[in-house]
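Peer 1: After the structure tokens below, expect a handful of questions from me.
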Amino acid sequence: MSDANEAANEPIAVIRTPISLDYHYSAGQSASRFLRAIAQGKLLGQKCPVDGRVYFPSRGACPQHGVTFGDEVVELSDKGTVVTFSIVRVPSENIPLELPYITINVLLDGADTILIHVLDAKLEDVRMGMRVQAVWKPKEEWTTSTANILYFRPIDEPDASYDSYKEHI
Amino acid sequence: MAELTAVVGIGQTKYQAKRLDVSMPGMIREAAERALADANCTWKDIDAVIIGKAPDLFEGVMMPELFLNDAIGGAYKPMLRVHTAGSVGGSTGIVAASMVQSGVHDRVLCVAYEKQSESNATWALSIALPFSLATVAGAGGYFAPLVRGYIRRSGAPEDTGIRVAVKDRQNALRNPLAHLHLEDISFDLVANSPMLWDPIRYLETCPSSDGACAMVMEKASLASKRSGKVAWIHATEMRSEPTMFSGRDQVMPRATLDNAAALYKKAGITNPRREIDCAEIYVPFSWFEPMWMEGMLISERNEGWKMTYEGATAIDGDFPVNMSGGVLSSNPIGASGLIRFAEAARQVRGLAEKHQVDGAKKALGHAYGGGSQYFSTWIVSSEKP
Ligand SMILES: [Zn+2]
């Protein structure tokens, strides 16, 4: 039997059938306002009419109370507190970051929800309660995208107390 | 009043990294036929089929239940697909049970599966949501910060997770179906394994497995006539909650606490630690053992780690957990919840072989999924309620 025949008789265990997906996502009013603001370097949150908590980024409605937010917006600082974190040493095909990297759940000053982002710091320095600030792209590159914020970095402020952020873990 | 229902047949495949010898339909049929054989049934004895699996994006097969219809004997019968993320196996068992409990069907087959070798779950779980940055590498990336939060609030010793991993991996050595059999498992082996998502080490995480699990359930008037051992379903309970809202306790979500309280109330249990003989809990990362001991109201708040430390959760402890080796030893994601439910049933039937807890009469099966936002649980017993 020839090699070609032998190859033909090999059982096929797995075949690859790649697909690609393009999404057309409608932002809606609330996210559109948020994205237009971030193109100006502003971070806009929204208040829940039930408990007054500030959601950032806001998707226009409260997941807990099932009510839509009004038109009132709250401008937030780009400084915040590391609520909790992880150091990631596992690659993923759709995350273009160099390993290892630090992911943080950060509570922006004035917000009552966490944002998951990346921290540029020495691995041994990161800790819960650490104060951080956003590092932005050069102004001329700003678009209607959260990618305007590249990452966070530590700032020279005393750590926040555990009690001030513990309910956001 | 709901019809009393029993598990009368259980079938599982051997869990392993790659089942290249079978297709998806072949793999689930293997589990289903074993469950039918255990129940002393044939395909024609089944009134309806319930199938569960995790997100379609894992294998990239959209609506797999359609092409699996014939393999699970669904042709010309009611067939229903269940999805509740990682907890789906548990929910599949609960939906199947409810089909009988409601009086709609007399005997139902349920099957849950995942073929991770044909999948890239970490990729599928790392897709960027619109307008946010993709930084969370897979489930471990999501849960590691929450584990850190648990350690901070409970003051648990840093090696608690290592102890859980050693215990579950030792239990797996008793279970021939488990994917991972680490003969040389030791504290040092786990402690020295690479840190993947700090504070979660490689040997504190679940593997990627291929496998399927199936169960046959039937109403009491049929099950009572059987000479073989059955597992009576005393109670089932499910809860969900949103992934993110302000002030959400992600470490100890309200949905788990509500779910546990409602489950025990239905089952007439007032002291779960004393009244339940053993539990199979969904622990994909070792720290979730102490977290769900608290989340299932078995331990006092912030003291779940003590159960691990005191050896209570060991197979010879006073509250054995994950006798089969758990999710840490086998993780065909969509099936993982149903495997937990099946192990609880095997224990009370007295058919758990080398991982049998002596005299187990009442057992808890548990699954969770999503961002700790889906919970599925049941209590089964060797005795009727
Ligand atoms: Zn609200």
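Residue numbers (our numbering), protein chains in the order written: chain A, 1 to 169; chain B, 1001 to 1385. From the three backbone atoms N, C-alpha and C, an ideal C-beta is built for every residue, glycine too.
1) Verify whether the separation of the beta carbon atoms of M1293(B) and G1311(B) is less than 8 Å.
2) Taking a cut of 8 Å between CB atoms, which residues from the region 52-65 of chain A lie near chain B?
3) Would you verify that the beta carbon of D1198(B) is, or is not, closer than 8 Å to some beta carbon of chain A?
4) Quick one: is M1195(B) near chain C, going by C-beta distance under 8 Å?
5) Taking Cβ-Cβ distances shorter than 7 Å, what residues in chain B pair up with H117(A)?
6) Please decide whether T1013(B) counts as near chain A, where near means a Cβ-Cβ distance under 8 Å.
7) DSSP three-state label for T1013(B), please.
8) Tell me, to the nearest whole angstrom, how far the beta carbon of F1319(B) is from that of I1298(B); I am working on the premise that it is less than 8 Å.
9) Less than 6 Å between C-beta atoms, sequence neighbours within five positions excluded: which residues of the same chain meet that for M1(A)?
10) Let's test the definition: count the other Cβ atoms within 10 Å of the Cβ of M1024(B) and tell me whether it reaches 16, buried, or not, exposed.
11) Could you tell me if F1288(B) is buried or exposed, where buried requires 16 or more neighbouring beta carbons within 10 angstroms of its beta carbon?
12) Residues of chain A with CB under 9 Å from E1118(B), in chain order?
13) Give me whichever residues DSSP pairs with D1198(B) in a beta bridge.
14) Determine the extent of the alpha helix (DSSP H) in which S1221(B) is found, giving its start and end residues.
15) Does F152(A) have its Cβ less than 8 Å from a Cβ in chain B?
16) Does the separation of the CB atoms of Y1142(B) and G1334(B) fall below 8 Å?
17) Look at the Cβ atom of L1180(B), then the Cβ atom of S1193(B), and state whether they are nearer than 8 Å.
18) Using a Cβ-Cβ distance cut-off of 8 Å, determine whether Q1373(B) contacts chain A.
19) So M1323(B) and E1280(B) are supposed to be a Cβ contact under 8 Å. How far apart are they, rounded?
20) Chain B beta carbons: is any one of them nearer than 8 Å to that of D78(A)?
21) Just to confirm the assignment, what range does the alpha helix (DSSP H) spanning Q1101(B) have?
22) Quick check on M1(A): does DSSP put it in helix, strand or coil?
23) Rounded C-beta distance between I1050(B) and V1108(B)? I'm assuming under 8 Å.
24) Out of curiosity, what's the CA-to-CA distance linking V1082(B) and L115(A)?
25) Against chain A, which members of the region 1149-1164 of chain B pass a CB distance test of less than 9 Å?
26) Taking 8 Å as the threshold (beta carbon to beta carbon), is T1122(B) in contact with chain A?
27) State the DSSP-derived secondary structure class of D1210(B), mapped to helix, strand or coil.
28) Can you pull the DSSP bridge partners for R131(A)?
29) What is the rounded straight-line gap between the Cα of Y1264(B) and the Cα of L1364(B)?
30) Could you check the C-alpha separation between Q29(A) and L35(A) for me, to the nearest Å?
31) Where does the unbroken alpha helix (DSSP H) through M1027(B) begin, and where does it stop?
32) Along the chain, where does the alpha helix (DSSP H) containing L1189(B) start, and where does it finish?
33) Can you pull out the residues from the region 86-98 of chain A whose beta carbon lies closer than 8 Å to at least one beta carbon of chain B?
34) Flag this pair as yes or no: are the beta carbons of T81(A) and R131(A) separated by less than 8 Å?
Peer 2: Reading from the atomic positions:
1) Cβ distance not < 8 Å, so M1293(B) and G1311(B) don't count as in contact.
2) Taken in chain order, the members of the region 52-65 of chain A whose beta-carbon sits within less than 8 Å of a beta-carbon on chain B are R53, V54, Y55, P57, C62, P63, Q64.
3) At a cut-off of 8 Å between beta-carbon atoms, D1198(B) makes contact with chain A.
4) Chain labels in this structure do not include chain C; the protein chains are A and B.
5) Within 7 Å Cβ-Cβ: L1133, T1135.
6) Not flagged as an interface residue toward chain A: T1013(B), since no C-beta distance is shorter than 8 Å.
7) Coil.
8) A Cβ-Cβ distance of about 7 Å is found for the pair F1319(B) and I1298(B), placing them in contact under the 8 Å criterion.
9) For M1(A), the predicted structure reports a pLDDT of 46, less than 50, and the residue's modelled location is therefore unreliable. A value from the coordinates is still provided. Closer than 6 Å at the Cβ level, and outside the excluded window around M1(A), lies no residue.
10) Label assigned to M1024(B): buried.
11) F1288(B) is buried by the Cβ-count criterion.
12) Within chain A, the residues near E1118(B) are V14.
13) Assignment of beta-bridge partners to D1198(B) by DSSP yields I87(A).
14) That run of the alpha helix (DSSP H) goes 1220-1223.
15) No, F152(A) does not count as interfacial toward chain B.
16) Against a cut-off of 8 Å, the Cβ pair of G1334(B) and Y1142(B) comes out as no contact.
17) No.
18) Residue-level contact check: Q1373(B) does not touch chain A, since none of the beta carbons of chain A fall below 8 Å from its beta carbon.
19) 7 Å between Cβ atoms; contact.
20) It does not; no Cβ of chain B falls within 8 Å.
21) Here the alpha helix (DSSP H) through Q1101(B) covers 1088-1101.
22) Low confidence applies here, because M1(A) scores a pLDDT of 46, under 50, leaving its location unreliable; read the following figure in that light. M1(A) falls in the coil class under three-state DSSP.
23) Indeed they touch by this definition, with Cβ atoms about 6 Å apart.
24) If you draw a straight line from the Cα of V1082(B) to the Cα of L115(A), it comes to about 31 Å.
25) Taking 9 Å as the Cβ-Cβ cut-off against chain A, the residues of the region 1149-1164 of chain B that qualify are G1149, Y1150, R1152, R1153.
26) Closer than 8 Å: yes.
27) In the structure shown, D1210(B) sits in a strand (DSSP, three-state: E or B).
28) According to DSSP, which records beta bridges pairwise, R131(A) is partnered with T81(A).
29) A direct Cα-to-Cα measurement between Y1264(B) and L1364(B) gives close to 10 Å.
30) About 10 Å.
31) First-last of the alpha helix (DSSP H) with M1027(B): 1024-1038.
32) First-last of the alpha helix (DSSP H) with L1189(B): 1187-1191.
33) Result list: S86, I87, V88, R89, V90, P91, S92, E93, N94, I95, L97.
34) Yes.
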